[in-house]
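Novice:
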Amino acid sequence: MQDVKILTAGDSSLLLQFGNAIDPEINARIAATVQLMKEQHIEGVVDLIPAFCSLLINYDPRVILYGEMRRRMEKILSVEIAAGARKKKIYEIPVCYGGELGPDLATIAGHAGLTEQEVIDIHSSSDYLIYMLGFLPGFTYLGGLDERIHTPRLANPRIRIPAGSVGIGGSQTGIYPMDSPGGWQLMGMTPVKTYDPEREIPILVEAGDYIRFVPIDRDEYERIQSEVAQGTYQVRIVEGEV
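At position 64 of the sequence shown (counting the first as 1) the number is 65 in the numbering used here, and the numbers step up by one without a gap.
#1: Using DSSP with H/G/I as helix, E/B as strand and the rest coil, what is TYR222?
#2: When DSSP labels each residue in this structure, what does VAL236 get in the three-state scheme?
#3: Pick from VAL35, GLU40 and ASP4: whose alpha carbon is nearest that of LEU1?
#4: Could you check which residue in ARG30, TYR92 and LEU134 has the C-alpha nearest to that of SER127?
#5: If we require 4 or more residues per run, which alpha helix (DSSP H) segments fall completely within the region 42–114?
#6: Output needed for VAL5: all residues of its chain with C-beta closer than 7 Å, excluding positions within five of it in sequence on either side, in chain order.
#7: Do you know whose CA, among LEU56, TYR222, ARG149 and GLU223, lies nearest ARG30's CA?
#8: I need the straight-line Cα distance from ALA33 to LYS90, nearest angstrom please.
#9: Assign VAL47 to one of two classes, buried (16 or more other C-beta atoms within 10 Å of its C-beta) or exposed (fewer than that).
#10: Which class does LEU146 belong to by DSSP, given the choice of helix, strand or coil?
#11: Can you tell me where the beta strand (DSSP E) holding ILE131 begins and where it ends?
#12: Between the C-alpha atoms of ALA84 and SER227, what's the straight-line distance to the nearest angstrom?
#13: Which whole-angstrom value describes the C-beta separation of GLN186 and ILE123, a residue pair presumed to lie in contact below a C-beta threshold of 8 Å?
#14: For GLN18, which beta-bridge partners are listed by DSSP?
#15: Using C-beta distances below 6 Å, list every residue in its chain close to TYR132, excluding the 5 sequence neighbours before and after it, in chain order.
#16: Could you check whether TYR234 and CYS97 sit closer than 8 Å to each other, using their CB atoms as the reference points?
#17: Work out the CA separation of PRO163 and SER181 for me, nearest whole Å.
#18: CA-CA distance, LEU130 and ALA208?
#19: Taking the beta carbon of ARG73 as the centre, do at least 16 other beta carbons fall within 10 Å, making it buried, or is it exposed?
#20: If I follow the unbroken alpha helix (DSSP H) through ILE246, where does it start and stop?
#21: Taking the continuous beta strand (DSSP E) assigned at GLY209, which residues delimit it?
#22: Beta carbon of GLY171, beta carbon of GLY99: below 8 Å?
#23: Name, in chain order, the residues that DSSP records as bridge partners for LEU187.
#24: Contact defined as beta carbons within less than 8 Å: I believe VAL229 pairs with SER125. What is the distance between those atoms, to the nearest angstrom?
#25: Which residue comes first and which comes last in the beta strand (DSSP E) that contains ARG161?
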């Protein structure tokens with residue numbers, strides 16, 4: 002079972018613990034397990050919620066009992082699930098950096114001892130693994146932020162951060178999917194809606210996918226924003242090797 006612990010989490014959930022570290026290999030094993038479970042179509046499974054190093058499985062005990070659910074999971078985990086070479090899905094998210102859309106870009110640059118353009122170049126040069134979704138619907142917990150631009154959170158969080166804001170909080174970067182309070186340093190904004198309750202699938206991405214930030218100017222931002230409002234904009238998705 003690859004040293005995976007199966008724990009109970011209430012009367013209708015199992016928690017699979019794959020380790021205790023934020024590690025891309027562990028996360029890849031979780032993603033592979035989720036994919037295998039989806040292929041199995043286990044009757045009674047209500048939801049699969051991956052996290053940094055665990056997977057929560059919610060099931061309906063009126064359909065499948067705990068003992069059977071655990072046996073099914075032990076069988077699945079006995080299969081040698083290889084993280085192996087696989088394709089990664091990369092969502093290219095356009096971002097207008099700095100100015101009124103990124104009021105803390107100068108602070109991030111000053112903390113790093115870099116120019117604002119150097120910060121933008123560093124931030125947009127990586128493909129960020131989505132380890133998990135949480136905090137807010139569609140809020141992405143991304144891995145892979147370059148240590149050079151790690152920046153402490155604000156001492157006094159903002160009461161309102163607008164949807165689409167791209168920021169840095171400590172060693173993480175991410176996108177605010179909706180208006181909310183928050184303490185991250187804001188470096189830019191995307192016109193793309195990563196969460197839209199009116200869409201058939203409200204959340205744009207899934208855990209295990211990747212995000213690549215693409216710098217755009219203000220004119221391009223407003224053009225894409227108009228297309229998003231009209232429902233004609235399509236986020237570019239590319240594939241690469243993990």
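Using N, Cα and C, we set each Cβ at its ideal position, and we do this for glycine too.
Since the structure is predicted, the reported quantities are computational estimates derived from the model, not experimental observations.
Specialist: Quick look at the numbers:
#1: Three-state DSSP puts TYR222 in a helix.
#2: Here VAL236 carries a coil assignment [DSSP, helix/strand/coil].
#3: Only positions 2 to 243 of the chain appear in this structure, which leaves residue 1 out of reach.
#4: Out of ARG30, TYR92 and LEU134, the CA that lies nearest to the CA of SER127 is found in TYR92.
#5: Runs of the alpha helix (DSSP H) inside the region 42–114: 67–79 and 106–113.
#6: Cβ neighbours of VAL5 within its own chain (closer than 7 Å, five residues either side excluded): LEU17, GLN18, PHE19 and LEU78.
#7: Measuring from the Cα of ARG30, the nearest candidate turns out to be LEU56.
#8: Roughly 14 Å between the two C-alpha positions.
#9: VAL47 counts as exposed, since fewer than 16 other beta carbons sit within 10 angstroms of its beta carbon.
#10: In this structure, LEU146 counts as coil in the three-state DSSP scheme.
#11: Following the DSSP letters along the chain, one finds ILE131 inside the beta strand (DSSP E) bounded by residues 128–134.
#12: Interpretation of ALA84 is limited by its pLDDT of 49, a score under 50 that renders its predicted location unreliable; the figure taken from the coordinates is listed afterwards. Rounded to whole angstroms, ALA84 to SER227 spans 40 Å at the Cα level.
#13: With a contact defined as Cβ atoms closer than 8 Å, GLN186 and ILE123 miss out at about 14 Å.
#14: Bridge partners of GLN18 according to DSSP: LYS6 and SER55.
#15: Contacts found: ASN28, PHE53, TYR142 and GLY144.
#16: Not in contact: CYS97 and TYR234 (Cβ atoms no closer than 8 Å).
#17: Distance between the alpha carbons of SER181 and PRO163: 7 Å.
#18: Roughly 8 Å between the two C-alpha positions.
#19: Buried: at least 16 other Cβ atoms inside 10 Å.
#20: Beyond the ends of the chain as shown, which are 2 and 243, falls residue 246; an answer cannot be given.
#21: Segment: none, GLY209 is in no beta strand (DSSP E) and carries neither H nor E.
#22: In this structure, GLY171 keeps its C-beta atom at 8 Å or more from the C-beta atom of GLY99.
#23: Residue pairing from DSSP places LEU187 in a beta bridge opposite GLY168.
#24: Not confirmed; about 20 Å, so no contact.
#25: Here the beta strand (DSSP E) through ARG161 covers 159–162.
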